[in-house]
Amino acid sequence: MPTPDLPIVRGTLDLLILKTLSWGEMHGLAIVRWLEQVTHQQLQVEEGALYPALHRMEGKGWLESVWGYTEQNRQAKFYRLTAAGRRQLAAELSRWKSYTSAVELVITAEAGSAR
Amino acid sequence: MSWPRVRRAFRLLVAPDRIRDDIDAELRFHIEGRIDDLMARGLSRAEAEREVNARFGNIDVYMEETRAIDERTIHEERRMELLDTISRETRQALRALARSRGFTFIAILTLALGIGATTAVYTLLDRVVLNPLPYPHAERLVKIGSLVSGKTVAGEWGVSEAGYFYYLEHNRSFDALGVFTRNEVSMVADGRAERVRMARVSASVSRVLGAHAALGRLINADDDRPGVAPVVVLSHAYWISRFGGDPAIIGRPVTIEGFPMEVVGVLAPDENVPLVSAAPAPELWLPLGLDPAARPINSHYLTAVGLLKGGVSIDAASADLARLTARFPEVLAEAYSPAFMRDYHFAAKLTQLREAVVGESARTLWMLLGAVALVLVIACANVANLFLVRIETKRREMAVRTALGADRVHLAWHYLTESTLLALVAGTLAVALAWGAIHILVAMAPTSIPRLAEINLGGSSVAFAFVVSLGTGVVFGLLPLGSRAVSVSTLHDGSRGTAVSRGRRAIRGALVVAQVALAVVLLAAGGVMLRSFERLRAVHPGFDANGVIALDLSLPHARYGDYRSTSELYRQLQGRISSLPGVESVGATTSLPLEGGGHCATTFAEGDATPTPGAAQCIRYVYVTPGYFGTMGIALRGAAPDWSAVSGEHAGAVISGSVANRFWADRSALDGGISGGDGETFFRVAGVTGDVRIDDLREPNPEVVYYPIVPAKGTALWGPADAITMVVRVKSSDPLAIVPAIRRTLVRIDPTIPIANPRAMSDVVAKSMARLSFTMVLLGVAGAMALVLSAVGLYGVISYIVGERRGEIGVRMALGARASEVGGMVMLQSVRLAAIGVAIGLVCAAAATRVLRSLLFEVSPTDPLTLVAVAVFLVLLAALASYAPARRAARVDPIEVLRA
């Protein structure tokens, strides 16, 4: 197993969770697995940090949760996006995009171009 | 997956254990699943666990963090839920109250009247009684006097100079002791003369009372020596009213009683000192200047006040002073003989200053608070009845709510919101009512109630009104919980359940009976007061007040120091005033009837064996000028001396009938000899008056000796009358209109003499009855409110019963009962309820009116006539209140009822 080497940027965990859940309802473990799969295990996240984030977002009304059964017939807590959560995802996405494009502009700028 | 279709709020309303278990299960699932993942890739269980733990981080920390988040969320949700409930219920209650306007209007008005009246009286009580003394350590302040009870005198005297100094030096109970005397004097400042209230104080009085100067200084020990310093301190109120609050007042020269003095200070604003009686505060403070080395004299003219040491009780201090007083015959032998101590039972008497100032008013006001509280209870009974009706009419609505899942708590919320809203509106209205009522109360209250002028509706009164209204609101809101639980069965039940309503009817009957009983108490109290008032008004005061005015003069002592100058002035003044148009006659006295005052002197009749000291009677003496008796319309046997007799120094004295009886019994007193003081030189008795009420209308035949203002040759008086009250009889419907003319006349004779207190004699008479009439009017108003409220209560209950018994009445009429019989039956029911209430009320009234005893005059607290009248009146009222419902009952159409 390759060692994850990209520490997660502060504040992006919410965005990752919201985006992940936009594909459908999932329990916490499934969210972690999904993130591993799509990032080819490059993202380093302390898995425990997921749960305070999930509960906080539920408190804000972005997520709702229910206990259900997995395919292996084990009890798990499933989360899904609410309408408010979808709006939040859209907002965070657009903020993320403008952020990264701004950062991109800075790091690709050539010396003296401001003159 | 089945997602529940419930709001998150409800899902989150869970216990803390549930939260913990939930999170625990969630995290365990994660870790177990992860281990399975790794083991599926070939790791051993131990390796997998280590790897998972490393990736997960500190599980305890995350768990705790998650739990904290959940709890915060739940807390927030609950708060929102509560706010939501309150605003929803409030909106609903407002809508409901707006729908039933009649109920809302009457309930609010009734409560507001009750609470408003209570708040108004509470405000008086709060200001006058509960917090009446503006001094620091008010609870440690006492008034010290001497209690005497001999064969011929009984009462409370002040203290003597020597006694004061002895107490001062030897007591163990006081931080400070002070003495003062009060008087009225004439003061001239800026060329304008005025009569003012003055206190001569020892320097220590400021320490006792904790008084401060707003400007300059107070009387100090250097001023307060024999041969007193000519300095004066002004009260704050007087400084403002007389000198416009002039900051340059210090050092200003003024003339008091003809002596030049200097203003050295102004008291701080709230110090209406010394206020050891209900009398108005003095306007000037002067040093008293007692000499500790003076020969002891048995004269108790000083008022003493003391500041108890911290932790010393008034009883301990009394014992302390009793110990000292017992030594008087030994240490102050010149003034206190053992015989005197024995014959007079001479003893020190300590009174809480608070009691001395407000004791009498406190009792009146507490009683009135009791009366208005009863009115409030009656009002509450009415509102309770209204609420019961409302519960009845809302039973179906409540049943629907119950069926839809509302539990008892929700129903309680509903009722509580409604009643609290109602009570708060009533409370607001009550504050407005109380504000108006206080102004009326203050205007009519007797002047013997101290510090009334400063009264206003303050924060504590508003708080009182709202606490009372919230209290009633909560009680009414909880009322429905006490009644039978609402059940869904009400929904199938088309008609009213008779078993339930029988219970309700009993409750409502009991409420009305209680109302009537309380109304009887209030009316009986008002009734005996009214009868006392009538009796008192019927009393002939011994003079004719109509068309007579009185005004006070005080002559500067420096210019009018002897009999000749004072009598010349009075004679000249009387002559000039008599010739004013409209004036019939003029006279003057040192003590006006019904205003009391004056001094007494040991009095002897010529020819009697000189009585032993102590057995002699101290009889009040008054100076009068010629013309006094005629002007006052006082009946006289014999003839009062005229001016020629007075100026010729051979004027006799006039005595009251009671004095004539005491000394001459069945013989004629005329031309007998009477002496005040020495028992050796005698005035001839020139006339005998009828019964003139001196202190109080209640006290018949007071003993008085009227001396001329100039002593007859060979006799002695106590000095010239330099402070006197002129009486003027005028032919006019507005006798006071003559005052400016009198002022002008006086200015022409001597502009340094101030005129104070012009008043109509009829007002003096009214004022002497003020406490009685104040109490009577307030009790009367309380009684009237009780009456109206009870009538409304009776009407409501009887109407309700008639409505409820329509079916039964219809059957009776179908079976041949006549309309008049049915109406009679209804009225009888009302009268029966009232009769029970009256019976209970009479018993309570007999007990309650006892507290009025001290106010009553020639009427027993259980005056049978009053009680019978009240009883009959209420029963008639009950019949009247049921008249309309009875007519409705008589008009019931049996066919319509039976068909329904």
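Line by line, the protein sequences give chains B and C.
Take the first sequence: its position 45, counted from the start at 1, is 45 in my numbering, and no numbers get skipped.
Positions in the second sequence are counted from 1; adding 115 to them yields my numbering.
Beta carbons: idealized from backbone N, C-alpha and C, even for Gly.
Alpha carbon to alpha carbon, how far is residue j from residue i? Give it in angstroms, no decimals.
i, j, result
"Val-294 (chain C)", "Val-420 (chain C)", "6 Å"
"Gly-551 (chain C)", "Leu-971 (chain C)", "29 Å"
"Phe-988 (chain C)", "Val-492 (chain C)", "21 Å"
"Ala-161 (chain C)", "Ile-174 (chain C)", "17 Å"
"Ala-720 (chain C)", "Ser-783 (chain C)", "13 Å"
"Met-942 (chain C)", "Ala-949 (chain C)", "11 Å"
"Ala-885 (chain C)", "Val-472 (chain C)", "18 Å"
"Pro-728 (chain C)", "Val-819 (chain C)", "The predicted position of Pro-728 (chain C) is uncertain, since its pLDDT is 45 and thus under 50; a value taken from the coordinates is nonetheless stated next. Using only the alpha carbons, I get a separation of about 20 Å."
"Asp-355 (chain C)", "Ile-870 (chain C)", "With the sequence shown as reference, residue 355 (chain C) is identified as Ile, and Asp is not the correct amino acid for it. Spanning the two alpha carbons is a distance of roughly 20 Å."
"Gly-425 (chain C)", "Val-663 (chain C)", "53 Å"
"Arg-735 (chain C)", "Leu-349 (chain C)", "33 Å"
"Ser-945 (chain C)", "Ser-997 (chain C)", "6 Å"
"Leu-256 (chain C)", "Leu-245 (chain C)", "15 Å"
"Ser-102 (chain C)", "Gly-485 (chain C)", "The structure shown has nothing for residue 102 (chain C), since chain C only spans 116 to 1015."
"Asp-811 (chain C)", "Glu-445 (chain C)", "40 Å"
"Phe-289 (chain C)", "Thr-740 (chain C)", "47 Å"
"Leu-957 (chain C)", "Gly-270 (chain C)", "37 Å"
"Glu-192 (chain C)", "Ala-383 (chain C)", "56 Å"
"Leu-21 (chain B)", "Ala-76 (chain B)", "15 Å"
"Gly-609 (chain C)", "Arg-510 (chain C)", "Only weak support exists for where Gly-609 (chain C) lies, its pLDDT of 47 falling under 50; the value from the coordinates is given anyway. Going from the Cα of Gly-609 (chain C) to the Cα of Arg-510 (chain C) covers about 11 Å."
"Gln-72 (chain B)", "Glu-92 (chain B)", "34 Å"
Would you decide whether residue i is buried or exposed? Buried here means 16 or more other CB atoms lie within 10 Å of its CB.
i, result
"Asp-1008 (chain C)", "exposed"
"Met-559 (chain C)", "exposed"
"Thr-440 (chain C)", "buried"
"Leu-18 (chain B)", "buried"
"Val-546 (chain C)", "buried"
"Tyr-99 (chain B)", "exposed"
"Thr-613 (chain C)", "At Thr-613 (chain C) the pLDDT is 47, less than 50, meaning the model places this residue with poor confidence and gives no usable figure here."
"Ile-412 (chain C)", "exposed"
"Thr-238 (chain C)", "buried"
"Phe-889 (chain C)", "buried"
"Trp-833 (chain C)", "exposed"
"Phe-220 (chain C)", "exposed"
"His-351 (chain C)", "buried"
"Leu-58 (chain B)", "It is worth fixing the name first, because residue 58 (chain B) is Glu in this sequence and not Leu. Under this definition Glu-58 (chain B) is a buried residue."
"Asp-781 (chain C)", "exposed"
Starting from residue i, find everything on chain C with Cβ-Cβ shorter than 7 Å and list it in chain order.
i, result
"Tyr-79 (chain B)", "Residues of chain C passing the Cβ test: none, with the nearest at roughly 10 Å."
Which residues bound the alpha helix (DSSP H) around residue i?
i, result
"Ser-877 (chain C)", "876–883"
"Trp-528 (chain C)", "523–559"
Let's see if you can read the secondary structure: which residues bound the beta strand (DSSP E) around residue i?
i, result
"Gln-467 (chain C)", "462–467"
"Leu-63 (chain B)", "63–69"
"Glu-377 (chain C)", "374–382"
"Val-698 (chain C)", "698–704"
"Glu-309 (chain C)", "307–316"
"Gln-75 (chain B)", "75–81"
"Ile-789 (chain C)", "788–791"
"Ile-664 (chain C)", "663–669"
"Ser-264 (chain C)", "256–264"
"Tyr-822 (chain C)", "819–823"
"Ile-371 (chain C)", "368–371"
Starting from the beta carbon of residue i, find every residue of chain B whose beta carbon is closer than 7 Å, and list them in chain order.
i, result
"Asp-185 (chain C)", "His-55"
"Gly-148 (chain C)", "Leu-29"
Which bits of chain C does residue i rub up against, with CB to CB less than 9 Å?
i, result
"Arg-141 (chain B)", "Because chain B in this structure spans residues 1 to 115, residue 141 (chain B) falls outside the shown range and cannot be described."
Under 8 Å between beta-carbons, which chain B residues line up against residue i? List them in chain order, please.
i, result
"Glu-162 (chain C)", "Those do not exist, as Glu-162 (chain C) stays about 11 Å from chain B at its closest Cβ, beyond 8 Å."
"Glu-1022 (chain C)", "Nothing about residue 1022 (chain C) can be reported from this structure: the residues present for chain C run from 116 to 1015 only."
"Glu-254 (chain C)", "The contacting residues do not exist; Glu-254 (chain C) stays about 57 Å from chain B at best."
Using the beta-carbon of each residue, which ones in chain C are nearer than 8 Å to residue i?
i, result
"Gly-59 (chain B)", "Ile-184, Asp-185, Arg-187, Thr-188 and Glu-191"
Contact set between the region 170–199 of chain C and chain B, restricted to residues whose Cβ is under 9 Å from the partner: Arg-170, Phe-171, Gly-172, Asn-173, Ile-174, Val-176, Tyr-177, Met-178, Glu-180, Thr-181, Arg-182, Ala-183, Ile-184, Asp-185, Arg-187, Thr-188, Ile-189, Glu-191 and Glu-192
The region 532–550 of chain C: positions lying closer than 8 Å to chain B by Cβ: none
Please list, in chain order, the residues of the region 41–54 of chain B that have any C-beta partner in chain C closer than 7 Å. Glu-46, Glu-47, Gly-48, Ala-49, Tyr-51 and Pro-52
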